[in-house]
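What follows is a short report on a single structure.
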Amino acid sequence: MKILVLNCGSSSLKYQLFDMDHEDVLAKGLVERIGIEGSRLKQEVGESEWETQTEIPDHKKAVALVFAALTDAEHGVIADMDEIDAIGHRVVHGGEAFTESTLIDTKVMAAIEKYAVFSPLHNPANLQGIVAAREALPGKPNVAVFDTAFHQTMPERNFLYALPYEYYKEHGIRRYGFHGTSHNFIAHRAAELLGKPLEELNIISCHLGNGSSVTAIKNGKSYLTSMGQTPLAGVPMGTRTGDIDPAVVLFLIQNLGMSAEEVDTLLNKKSGVYGISGKSSDFRDLDEAAQAGDARSQLALDVFYSRVRETIGAYAVELGRVDAITFTGGIGENGPENREGICEGLEIIGAKLDKEINNQRKPKEKKISTEDSKVAIWVIPTNEELMIARDTKRLAEA
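Per my numbering, the sequence shown starts with residue 1, numbered consecutively.
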């Protein structure tokens, strides 16, 4: 069975084509700058790469370009699009309507549109990709895999905000959580590595990248997560504030005369480690600048480490017992200095880092805790696309 996975962003489209008989990646690619001058498609097949530049005004054109690339006589991997059996779509926000992945019909599409109010940058783009795929391959199953679905197992006390209850019941204001597909994949892989059933494990999963979230997984299910109603909440990120005193927003509006749009831009695009350092949202740049003596870059890193460590500590108390702490995402997988900074002081919960193993660049997937550590610490590369493909295969076959 061949499964195409589409991940549509506001101005981009990532894709992978899987042969699910052996979970092999046949091709993967990226369409960049959709609706912007200089748009292009880059595709990888094995070790070979191919790129084409053309005008891509919208996601419908982008999906058509993906199909053309996959069937290209010289650079493609399939003879005809009819070889694709189903299409899996990453959808960021499914609200409370979806506790698991689902086959897409008009009702599902209406719900995705409804929850765009909580994810205005992502859900509309996700929906455009769905519409384009359904039009291009009529009759083929399309499956929505929601970032929020994995977190729907959180108990009410962990997802409610301390607002009047009717704001939750009438308007859906609550913690939803994100990166659910990644945390789900990591939980299953961690269970394999630990050699125990997932439902017997308590895991603290750290997905750290330009967007970061930490999730407490209790008996294999999401129990508490750092992101909230939107991906702005939680630990500081590349350009996002993470949690702040909500009265700061009122101060910015009432005392500095900022508009709601200006505040939104400030909190989402000008803050985080970029805002503190004044240099970059890229942790590699911050590491280099900090080593060269730049105090604000070091401060930005220290704030990030402190907030992630604080979250891990709080989640350890909530879980009562921690079997493993996992690191994934661009920073979690590739930043040994960042992992070391976060793990400093976690000995109090029984997590001891082996600095020598942690500093080894290969293999990527590795246990980085000491032999006498009561809590296993693992680096596990995430694979959200494979998780989407697995769910798509399961639902398409059913």
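Just so you know, even glycine gets a beta-carbon here, dropped at the ideal spot from N, CA and C.
Item                                                                                                                                                                            : Value
Give me the Cβ distance between Ala-62 and Val-31, rounded to the nearest whole Å; I'm assuming they're in contact under 8 Å.                                                   : 5 Å
Grouping DSSP H, G and I as helix and E and B as strand, with all else coil, what is Lys-14?                                                                                    : strand
Count the other C-beta atoms from every protein chain shown that fall within 10 angstroms of the C-beta of Arg-189, then say buried if there are 16 or more, exposed otherwise. : buried
Where does the unbroken beta strand (DSSP E) through Asp-241 begin, and where does it stop?                                                                                     : Going by the sequence as given, residue 241 is Thr instead of Asp. Unbroken run through Thr-241: none, as it is neither H nor E.
Please classify Arg-361: does DSSP put it in a helix, a strand, or coil?                                                                                                        : coil
Rounded to whole angstroms, what's the CA-CA distance from Lys-107 to Glu-365? Just pull it up for me.                                                                          : 40 Å
Could you tell me the distance, in whole angstroms, from the CA atom of Arg-174 to the CA atom of Val-375?                                                                      : 31 Å
Under DSSP, the beta strand (DSSP E) around His-151 begins and ends at which residues?                                                                                          : It is not in any beta strand (DSSP E) - His-151 carries neither H nor E in the DSSP assignment.
State the beta-bridge partners of Arg-90 as determined by DSSP.                                                                                                                 : Val-145
Going by DSSP in three states, Phe-327 sits in which element: helix, strand or coil?                                                                                            : strand
Compare the C-alpha of Phe-150 against each of Met-237, Tyr-274, Ile-217 and Tyr-315 and name the closest.                                                                      : Ile-217
Which residue spans inside the region 109–140 form an unbroken alpha helix (DSSP H) run of at least 4?                                                                          : 123–136
In terms of residues, what are the limits of the alpha helix (DSSP H) holding Val-308?                                                                                          : 295–319
What does the alpha-carbon distance come out to for the pair Ala-316 and Ser-11?                                                                                                : 38 Å
Given that a residue counts as buried once 16 or more other Cβ atoms are within 10 Å of its Cβ, and exposed if not, what is Pro-363?                                            : exposed
I think Ile-104 touches Val-143, with their Cβ atoms under 8 Å apart; what is that distance to the nearest whole Å?                                                             : 6 Å
Report the residue from Ile-348, Leu-353 and Glu-347 whose alpha carbon sits nearest the alpha carbon of Asn-338.                                                               : Leu-353
Rounding to the nearest angstrom, what Cα-Cα distance links Ile-380 and Ile-388 in this structure?                                                                              : 17 Å
Applying the 10 Å Cβ sphere with the 16-neighbour rule, what's the burial state of Asp-391?                                                                                     : buried
Tell me which residues share the same chain as Pro-124 and place their Cβ nearer than 7 Å to its Cβ, disregarding the 5 neighbours each side in the sequence.                   : Ala-116
For Leu-252, I'd like the list of residues in its chain whose CB is within less than 6 Å of its CB, leaving aside the five on either flank, ordered along the chain.            : Met-258 and Val-263
For Pro-236, is the classification buried or exposed, using 16 other Cβ atoms within 10 angstroms of its Cβ as the cut-off for buried?                                          : buried
Using only the alpha-carbon positions, how far apart do Lys-169 and Gln-229 sit?                                                                                                : 14 Å
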